[in-house]
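Here the structure is laid out as structure tokens; the discussion comes afterwards.
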Amino acid sequence: MKIQTLLFVLLFYSSTKGQQVATLVELPITTANGYGPFSVGFSRFTPDVNDGSYWSKMQLSIKGVPENWTNVEKAMARVNTWQLIYQNVISGTVPRSWYKGYQQSSKINLDDALFSKQPIKCYVYLVKGFDQSKGKWLVLVDTNNNLDFSDETPFEAEEIKPGSIPDNVADARLVMYQSYQKGKIITSRIPLVVKRMGNDLFFNFPQYAKATFRHADERIDLVITNGFAGLDYIGSTSIAQTPRWFWQKAVSQKDLTEIGDVITLGGRKYKNKGVNTFTNTLQLEPLATNTIDYSLRTGRSFRPFIAREFTTGNSISLSSLKGKYVFVEFWGTWCSPCVSTLPTLKRLYKRLNKNRFEFIGIVSRDSPEHLRDFLKKHDVRWPQLLSNGPDGLVDQYHVTAYPTSVLLNPNGKIVAADLSMEKLEAKLNELNKLEE
């Protein structure tokens, strides 16, 4: 068997008190400009405000904005959020207690050794304003990262048309930034795209990563994204196998393996542990061959749960629902798209045969008192599970967007995910007829 050592390091299995402990597989990554096979995502231009928060304390002063500009707003685009926070902890700008609390609320635990104690340029500033001489709203990007816009060229951001997100990067600006890798400060450039929708600006960093997994003589190419949010892969790393055929232009959502989810490579299962920006590697945790691949993707098994139904306090579990089609929705009373689906869900639930179908709501970030009043006011009758805290169901299922929903078959496997209300109704009608 040929031993591969150049593109990844597969370390040993060590024995601790008689138990086998698998170490991480670390795959070196390279970056590529553009969106690759991924769907395009943008971040909103959020102007700096002096509101007394710790975030506002990390803001920086700029100069060189044209004097004939009015309604000027500046915003920091963070290339690496966690590095930015850490270096402000070291400088005393923000307290370490807040930093640790923010980690806890984000459900991560970071080693200080990952970050540079010396302040680095892990951000880039953008400015927008109304140019009175031209009668236009224009944008400036601090491409050389010197906090001085007098040496930058203003431009008019391309408008994003409703229903159409541009995937070209012809108007990208290359901006200078710094990263911290293996104890050294590295200066590089990364593309930045700015678009406009109405009066709002949006931006992203059109760059993704690649890695190669080798097993015996098999080579598997992987692509990696964090939603085009710069270098901040912590807590947000999606991986997939590179599309093999020329007609496969994009990776679909169901093919993505998020952090904490399982991917099968070379006949073996691995948990996605994310990208380590210090070592510049994708980290995979080897799993036992009999590990069940739970996820929220179509065709996968839904992770079992046992919880207390919110209204009655009775125990409810996935095993108790075996034999039924189950629609599971992660939602919140604060989520307007979630609330807007309630009339349709109520109508569907009312007419379904409860011996064959069930709905389960998993509610995030709510107080028991408010949720109880909300369910009563809106006459929501299907079982609800309240998920608060770092060990709640929302975290166990790695849910980050709302609403998120799946439809399970009677064996607990996902047959559809994130269906629109129209498609959900059509699917339930189809299944109801098949079951009759």
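Residue numbers for the sequence shown follow the numbering used here, beginning at 84 and rising by one.
Cβ coordinates follow ideal geometry from the N, Cα and C atoms, glycine included.
Thr416 carries a coil assignment under DSSP once its states are collapsed to helix, strand and coil.
Non-local C-beta neighbours of Leu469 in its own chain, meaning closer than 7 Å and more than five positions away in sequence, comprise Phe393, Val446, Asp449, Pro451 and Leu454, ordered along the chain. Per DSSP, the continuous beta strand (DSSP E) segment holding Thr295 begins and ends at Gln290 to His298. According to the DSSP assignment, Asp478 belongs to the alpha helix (DSSP H) that extends over Leu476 to Gln479. Of the residues assessed, Ile389 falls on the exposed side of the cut-off, its CB having fewer than 16 other CB atoms within 10 angstroms. In terms of Cα proximity to Trp465, the closest of Thr487, Phe442 and Tyr206 is Phe442.
The criterion of a C-beta distance shorter than 7 Å is not satisfied by Val172 and Tyr185.
Thr236 and Ile203 have their alpha carbons spaced roughly 24 Å apart. Counting along the chain, Gly184 sits inside the alpha helix (DSSP H) bounded by residues Arg179 to Ser188. Annotation for Glu368: Ala105, Leu107, Tyr353, Lys354 and Lys356 place their beta carbon closer than 7 Å to its own, counting only its chain and skipping 5 residues before and after. Residues Phe388, Ala390, Ile445, Leu468 and Ser470 of the same chain have their beta carbon placed closer than 7 Å to that of Leu476, with the five preceding and five following residues left out of the count. Taking C-beta separations shorter than 6 Å and ignoring five residues to either side along the sequence, the partners of Tyr377 in its chain run Ser384 and Arg386, following chain order.
Apart from sequence neighbours up to five positions away, the residues of its chain that approach Met504 with a beta-carbon distance below 7 Å are Thr424 and Thr427, ordered along the chain. Within the region 439 to 503, the runs of beta strand (DSSP E) that reach at least 3 residues and sit entirely inside it are, in chain order, 440 to 447, 467 to 470, 487 to 491 and 497 to 500.
Annotation for Asn515: Leu435, Asn436, Arg439 and Phe440 place their beta carbon closer than 8 Å to its own, counting only its chain and skipping 5 residues before and after.
Straight across, the Cα-Cα distance linking Thr153 with Leu209 is about 15 Å. If you look at Val276, you'll find it in the beta strand (DSSP E) that goes Lys267 to Met280. Within its own chain, the residues whose Cβ lies closer than 8 Å to the Cβ of Lys278, once the five positions on either side in sequence are excluded, are Phe125, Ala240, Glu241, Glu242, Ile243, Pro249, Leu284, Phe285 and Phe286, listed in chain order. For Val123, there is no enclosing alpha helix (DSSP H), since its DSSP letter is neither H nor E. Shown here, Val172 sits in a helix according to DSSP, grouped into three states. In the DSSP assignment, Arg327 falls outside any alpha helix (DSSP H) and carries neither an H nor an E. Distance check between Ala115 and each of Arg272, Lys157, Asp254 and Thr347 places Arg272 closest, using alpha-carbon atoms only.
Looking at the DSSP output, Tyr408 bridges to Phe440. The Cβ atoms of Phe410 and Val482 do not sit closer than 7 Å to each other.
In the three-state reduction of the DSSP assignment, Ser319 falls in the coil class. Rounded to the nearest angstrom, the Cβ distance from Asn228 to Tyr260 is 7 Å, consistent with a contact under 8 Å. Less than 7 Å separates the beta-carbon of Ala499 from that of Leu490. Rounded to the nearest whole angstrom, the C-alpha separation of Thr295 and Gly119 is 16 Å. Contact between the region 158 to 172 and the region 127 to 147 is present, with at least three C-beta pairs closer than 8 Å.
Pairing Leu305 with Ile322 gives a Cβ-Cβ distance under 7 Å. With fewer than 16 neighbouring CB atoms inside 10 Å of its own CB, Leu257 falls in the exposed class.
Residue state for Ser402 is assigned as helix, using DSSP reduced to three classes.
In the DSSP assignment, Lys157 falls within the unbroken beta strand (DSSP E) covering Trp152 to Arg161. Between the beta-carbon of Arg161 and that of Asp315 there is about 7 Å, and that keeps the pair under the 8 Å contact cut. Pairing Asn309 with Lys217, the inter-Cα distance amounts to about 37 Å. Look at Ala509 here: in three-state DSSP terms it is helix.
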